[in-house]
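Here is the structure we will look at, set down as structure tokens.
Protein chains: 4
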Amino acid sequence: MILTLKSGSSKKEVDRVIKKIKKFGYRPHVSRGVDVTIIGMIGERAERYRDTFEAMESVDHISEIEKPYKLASREFKKENTIVNAAGIKIGGKTVVIMAGPCAIETREIALETARAVREAGAVIFRGGAFKPRSSPYTFQGLGEKGLRYLADVKKRTGLPTVSEAMTTSQVALVGKYCDIIQIGARNVQNYDLLKEAGKQRKPVLLKRGMATTIKELLLSAEYIMSQGNYNVILCERGIRTFEDATRFTLDLNAVPVLKKATHLPVVVDPSHGIGIREHVAAMAKASVAAGADGLILEVHPRPEEALSDGPQSLLPEQFAKLMQELKVLAGAVGRNI
Amino acid sequence: MILTLKSGSSKKEVDRVIKKIKKFGYRPHVSRGVDVTIIGMIGERAERYRDTFEAMESVDHISEIEKPYKLASREFKKENTIVNAAGIKIGGKTVVIMAGPCAIETREIALETARAVREAGAVIFRGGAFKPRSSPYTFQGLGEKGLRYLADVKKRTGLPTVSEAMTTSQVALVGKYCDIIQIGARNVQNYDLLKEAGKQRKPVLLKRGMATTIKELLLSAEYIMSQGNYNVILCERGIRTFEDATRFTLDLNAVPVLKKATHLPVVVDPSHGIGIREHVAAMAKASVAAGADGLILEVHPRPEEALSDGPQSLLPEQFAKLMQELKVLAGAVGRNI
Amino acid sequence: MILTLKSGSSKKEVDRVIKKIKKFGYRPHVSRGVDVTIIGMIGERAERYRDTFEAMESVDHISEIEKPYKLASREFKKENTIVNAAGIKIGGKTVVIMAGPCAIETREIALETARAVREAGAVIFRGGAFKPRSSPYTFQGLGEKGLRYLADVKKRTGLPTVSEAMTTSQVALVGKYCDIIQIGARNVQNYDLLKEAGKQRKPVLLKRGMATTIKELLLSAEYIMSQGNYNVILCERGIRTFEDATRFTLDLNAVPVLKKATHLPVVVDPSHGIGIREHVAAMAKASVAAGADGLILEVHPRPEEALSDGPQSLLPEQFAKLMQELKVLAGAVGRNI
Amino acid sequence: MILTLKSGSSKKEVDRVIKKIKKFGYRPHVSRGVDVTIIGMIGERAERYRDTFEAMESVDHISEIEKPYKLASREFKKENTIVNAAGIKIGGKTVVIMAGPCAIETREIALETARAVREAGAVIFRGGAFKPRSSPYTFQGLGEKGLRYLADVKKRTGLPTVSEAMTTSQVALVGKYCDIIQIGARNVQNYDLLKEAGKQRKPVLLKRGMATTIKELLLSAEYIMSQGNYNVILCERGIRTFEDATRFTLDLNAVPVLKKATHLPVVVDPSHGIGIREHVAAMAKASVAAGADGLILEVHPRPEEALSDGPQSLLPEQFAKLMQELKVLAGAVGRNI
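Chains as they are written, first to last, in the working numbering: chain S, 1 to 337; chain W, 1001 to 1337; chain P, 2001 to 2337; chain Y, 3001 to 3337.
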């Protein structure tokens, strides 16, 4: 990192900073301008000491030049990571489509939806058993019963499944029944949960939080990876901005930026990202064109009976039509579905 | 609009609201619940009186149900507006590509760039003669001399041109030399400028501001149209959010939302929207897949010599490669380039 | 809530909505305008069905008129809740000052800081034993050892203590050693954690998340209260915006808005809210003037040695000076310290 | 500024950057780390060349260490600027209160309001003659007639006046009738307007835009000052964020940050900043406690008849009560009113 000292800092103050840099085992690179002195502190994990230097009165500000994440970075691993979820490869040439209802409500609806989305070309089935809801008075999910339905869906349709774990104890539980463990947007900085997901080996689908920067998302991935689990799939799902015509603002800029910064696969959730059923297809197509390695989409046969997120769920026939369009589009950008 | 009265409002207070609604010539629709009374005030341009009712102590809040813009709305005109800019049709099946340097710097660079982008398939040449710059100490544009270079480029290459007007007096000036008058993001709520652009008949490219909602963008278009000029092209170019890995957050959600709400053509500026040269192509493709009617792209033969926005300008060879990809992509979404 | 149907909805579609409202046991209030039909669905917890109606094709949008939180609302309880934390009353006339280091690092620094802040007038000691850090490679807190130091500080200084719990299992642990359990900004929508905090009886200090709306903060409080624990203290600590000159944007608007909407005490954390040591005092004063019931401030005797948040920690002498100023200020707004 | 080169840059690439720095007349300060090379380019207005270097492929990113504004900075002028508006001093020990209706509607209401606010202690009268309104169908102000009413108010009450100019031609017009020319939030980056305001000598009240950073606000002030007019008053009035419980998010952090960065006076507009009448007083007090040099407040004798911004206008008796409270508060923070 680079420390810029306050203009007019005395030689004594400059020396104090230099001494501290040396104390931590780094070599200071000092450049004295007419007004301003800048000091480079360059080397492995210098950023750990950022707070220390920022707290010094003579330091005006600090610029980071090294990335605070390592395992998740392209520098650490040049080639794309391909995550294998029960045989489905995420991060390769094929754009992976995950689809299903927001929440698992009944065994019948789950199965009906799974068959419809498999028919249309989806390769992974999604559905929530544990649901993070902003109100305590709304449907909170079926819990383990929902997970059993998911396992049943897999048995009958062959589709691997993804479902969310909200607590450390749910990680093993979701891992027992499902093929991918989802960490939701609200838990992107729930560090104990991230560590728990890192201690087991099932792939983790990590959703960006509504106010999480791209850098912080990669740091959250680093939490998982630092425990030994490198099977992390990143997911852009919309950030919170001033715009209120849509549920969130889908930040597709994040796709090329992430693909450059990290070797991990990047998928997009256009259902949450725009939150309006009739516009989900446009954003699904935009996501693939931007370079996404996969999509996660909400599909429900009767959205007005859905216990959660009905307004953004596609009907099976809408989903089938979208899949046709996506197949053509994927071909046009050198991918396939 | 719908007025929700404060819980516990007295009959007298309710009557006072009703009386005022009648005074303005509307018929009140009253629904009395156990705790809450709601009153509908429905009809042509009821929203004009919003402030009046919001200022009443007994009114808790107001929900708008009619759109505050009329001429720009799909309700007003069902079929797409196709804007004709010197023979180039914007808003039809063909995705229109506008390209050129951020600022017009010299006659030679302008001409060199115009020839390169025309060769690659661009149909409109862009370049700024009046430049809004956040610092007074940076290059402010060539002014009318730059406009003359643009006219010269058109004469030599046949490409229609688009350039920005920043003041009311520049509107006629830009209109004299160019085919489309751009209103920039910083001026999206400069209402006198909008009105001036509405008083002449050249097409207007209206850029969304960095904190402008979709509704406000349509209201700004309404300002232009209310003066009689219906040739308005809307442009999404990125909004300001907390994310700092990119220059702005390109809000592609706005594309399908706008296409639904308005009959006006919608184009996207991915150069400003992400602000990083190597990622512009991904966002250009995403824009077309999302349904954009056109793109406006920055291209410069020697970005490091550019006097403005070099970091986001494509090299001519990058632009040519992108155009090849966009042609294939446009076909895949039922458009052409 | 109020349902606005799409313009041009058929009688059949309107009837379908009405039938569904009746099915859920509510009485529909129908107002037919020339173009638009609006239907009120008013009554206890109608909002539970919002998704269902939003998912219906004929529904254009829905306006909420009842608050989705009940126990936290002023309507539920008119008079201010005064939370008693080991004898310290929060929510009354006295503005409560909580101070201490960001993280508990050593027994000595904790004790030294506690004595200094008590001397200056603080009545509660703060310090983190479990630290949520965005990087896995930075100091993560001392864990239970830190809690033991906190208990020791209380024994020696008499100051009640507040510390953060990040997981459900830490709730009981923090409750064992400390007097107030803090739920941090990153966990504001960690619903299992909220429920766990609601199942015990120690006061809970609930920090607003960096992208949490005021309504969502109250819903998170509702999660705790719905489990039976009404001792909730809300804390504004800055939200994430585009402004990067400060660490967060302290949203003091939230203070009067919350004081109106809820009976719960509202405190402010200006240290995180601005993140720059020399400006913390100004924002502490602004918080009290805005009506805050308390402040939580970071103080460290040697900020440059702090393992976390040094740049925003006040020196003990700065804190003492601020306390003098706050006492005068509190008097000027009808409070005391 | 400091250039960080991409990791793995070749010696040739490094030399190319160095050569360019020398070409611009600066001395490069080179620090070579194991992976990364950083180069300081330090000196007067080096930032002008930022784009040039950012556009170079080998440059990873650039950190600014000098401020891009000069005349507005504390470095340029250490002591506070005190702006004299027809005898009223803004920026000194006295907190200056400006009050009046949002828009000038009739001579009678203007005069009635002016007398009421003067009686309560306001020293400057505010009122808009040219109104920037987001819809073309709402009241747009009385224009010059409104300015004549303002002049009349001054004649009868002795109160100096402030009113907004929206176009370059309105600058002289407002200056003819009023004592302070306001540049509104929507025009904060209308550079021709800023320059015009800089060419005359009346004080300018410059409002921060809803998406303007603190740095950009100072650059906009620099535009005015660069034309020779140093009488600039900065005004924080709320920024746009995701929070929708209030009209804007009043960013009081900006007050201490601006007071440190610039010598110019800083005032706050709590009426727009929160947008809810009953909460304006709390935010007015918070503004003074944060260090504001003045307040600008909306007052209207009959808000429900106001043609603009009624919901946030104080009643005269509310204003009078607030003034009493502010006087006590100002004393408590070492100021007076």
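Just so you know, even glycine gets a beta-carbon here, dropped at the ideal spot from N, CA and C.
Original post:
Which of the three DSSP states, helix, strand or coil, is assigned to Arg1240 (chain W)?
Top reply: coil
**OP:** Tell me whether Ala120 (chain S) sits in a helix, a strand or coil according to DSSP, three-state version.
**Re:** Secondary structure of Ala120 (chain S) (DSSP, three-state): helix.
Subject >> Contact set between the stretch 139-166 of chain S and chain P, restricted to residues whose Cβ is under 7 Å from the partner >> reply: The residues in question are Met166.
**OP:** Run through the stretch 3233-3299 of chain Y for me and flag every whole alpha helix (DSSP H) of 4 or more residues, listed as ranges in chain order.
**Re:** Segments of the alpha helix (DSSP H) lying fully in the stretch 3233-3299 of chain Y: 3254-3261, 3270-3274 and 3277-3290.
Original post:
From which residue to which residue does the alpha helix (DSSP H) around Gln227 (chain S) run?
Top reply: No alpha helix (DSSP H) contains Gln227 (chain S), which DSSP labels as neither H nor E.
**OP:** Whole angstroms is fine: what's the gap from Gln140 (chain S)'s alpha carbon to Pro132 (chain S)'s?
**Re:** 7 Å
Original post:
Under 8 Å between the Cβ atoms of Gly1294 (chain W) and Val1095 (chain W)?
Top reply: yes
**OP:** Verify whether the separation of the beta carbon atoms of Ile88 (chain S) and Ile124 (chain S) is less than 8 Å.
**Re:** yes
Original post:
So is Asn1190 (chain W) in contact with chain Y if we call contact Cβ pairs under 8 Å?
Top reply: Interface residue, yes.
**OP:** May I have the straight-line CA-CA distance separating Ser10 (chain S) from Pro28 (chain S), to the nearest angstrom?
**Re:** 17 Å
**OP:** Would you please state the rounded distance, in angstroms, between the beta carbons of Tyr1223 (chain W) and Pro3136 (chain Y)? I believe it to be under 8 Å.
**Re:** 5 Å
**OP:** Indicate whether Val153 (chain S) and Ile181 (chain S) have their beta-carbon atoms separated by less than 8 Å.
**Re:** no
Original post:
For Leu3 (chain S), does the three-state DSSP call read helix, strand or coil?
Top reply: strand
Subject >> Whole-angstrom distance between Val1036 (chain W) and Glu2119 (chain P), CA atom to CA atom >> reply: 51 Å
**OP:** Could you tell me whether the Cβ atoms of Leu3142 (chain Y) and Ser1134 (chain W) are closer together than 8 Å?
**Re:** With a cutoff of 8 Å on beta-carbon distance, Leu3142 (chain Y) and Ser1134 (chain W) are scored as not near each other.
Subject >> Short-range partners of chain A found in the stretch 225-257 of chain S, where Cβ spacing is below 7 Å >> reply: The displayed structure is made up of protein chains S, W, P and Y, and chain A is not among them.
Original post:
Using a Cβ-Cβ cut-off of 8 Å (strictly less than) and excluding sequence neighbours within five positions of Ala1306 (chain W), which residues of its own chain qualify?
Top reply: The answer, listed in chain order, is Pro1101, Cys1102, Ala1103, Glu1105, His1300 and Ser1313.
**OP:** Assign Gly3158 (chain Y) to buried or exposed, taking buried as 16 or more other Cβ atoms, counted over all protein chains shown, within 10 Å of its Cβ.
**Re:** exposed
Original post:
What in chain Y is Cβ-close to Ile2392 (chain P), meaning under 8 Å?
Top reply: In the structure displayed, chain P extends from 2001 to 2337; residue 2392 (chain P) sits before or after that span and is not available.
Original post:
Grouping DSSP H, G and I as helix and E and B as strand, with all else coil, what is Gln3318 (chain Y)?
Top reply: helix
Original post:
My guess is that Asn2231 (chain P) and Arg2277 (chain P) are in contact by the Cβ rule of under 8 Å, so how many angstroms apart are they, rounded?
Top reply: Their Cβ separation, rounded to whole angstroms, is 32 Å, which puts Asn2231 (chain P) and Arg2277 (chain P) out of contact at 8 Å.
Subject >> Assigned secondary structure, Phe3053 (chain Y) (DSSP; H/G/I helix, E/B strand, else coil) >> reply: helix
Original post:
For Gly3334 (chain Y), which option in P:Arg2335, P:Ile2233, P:Leu2329 and P:Gly2334 has the closest C-alpha, if you only look at C-alpha atoms?
Top reply: Scanning P:Arg2335, P:Ile2233, P:Leu2329 and P:Gly2334 for the CA closest to the CA of Gly3334 (chain Y) turns up P:Leu2329.
Original post:
Among P:Tyr2069, P:Ile2065, P:Asp2251 and P:Lys2199, which residue has its Cα nearest to the Cα of Arg1032 (chain W)?
Top reply: Among P:Tyr2069, P:Ile2065, P:Asp2251 and P:Lys2199, the Cα nearest to that of Arg1032 (chain W) belongs to P:Ile2065.
Original post:
Going by the CB atoms, is the gap between Ala55 (chain S) and Met1 (chain S) shorter than 8 Å?
Top reply: no
Subject >> Buried versus exposed call for Phe248 (chain S) [16 or more other C-beta atoms within 10 Å across all chains shown] >> reply: Sixteen is the threshold: when 16 or more other Cβ atoms of the shown chains lie within 10 Å of the Cβ of Phe248 (chain S), as they do, the residue is buried.
**OP:** Compare the C-beta of Ser3063 (chain Y) with all C-beta atoms of chain S and state if any pair is closer than 8 Å.
**Re:** Yes, contact with chain S.
Original post:
Using the beta-carbon count (16 or more within 10 Å), is Gly2983 (chain Y) buried or exposed?
Top reply: Examination of residue 2983 (chain Y) is not possible in this model, given that chain Y is present from 3001 through 3337 alone.
Original post:
Between the stretch 2194-2218 of chain P and chain Y, which residues of the former have CB atoms less than 7 Å from a CB of the latter, in chain order?
Top reply: Ala2211, Thr2213, Ile2214 and Lys2215
Subject >> Cβ pair count under 8 Å reaching 3, the stretch 319-327 of chain S against the stretch 279-293 of chain S >> reply: yes
Subject >> Residues of the stretch 2282-2316 of chain P with Cβ closer than 8 Å to any Cβ of chain Y, in chain order >> reply: Contact residues of the stretch 2282-2316 of chain P toward chain Y are Ala2282, Met2283, Lys2285, Ala2286, Ser2287, Val2288, Ala2289, Ala2290 and Gly2291 (C-beta to C-beta distance below 8 Å).
Original post:
If Ala1254 (chain W) and Ile1296 (chain W) are in contact, beta carbons under 8 Å, what's the gap, nearest whole angstrom?
Top reply: Between Ile1296 (chain W) and Ala1254 (chain W) the Cβ distance is about 15 Å, and since that is not below 8 Å, they are no contact.
Subject >> Interface residues of the stretch 321-335 of chain S facing chain W [CB-CB below 8 Å] >> reply: Glu325, Val328, Leu329, Gly331, Ala332 and Val333
**OP:** Kindly indicate which three-state DSSP category Thr1081 (chain W) falls into: helix, strand or coil?
**Re:** coil
Original post:
Among all the DSSP beta bridges, which residues are the ones paired with Met3098 (chain Y)?
Top reply: Y:Ile3124 and Y:Ile3296
Original post:
Roughly how many angstroms lie between the CA atoms of Val1268 (chain W) and Ala1292 (chain W), to the nearest whole one?
Top reply: 6 Å
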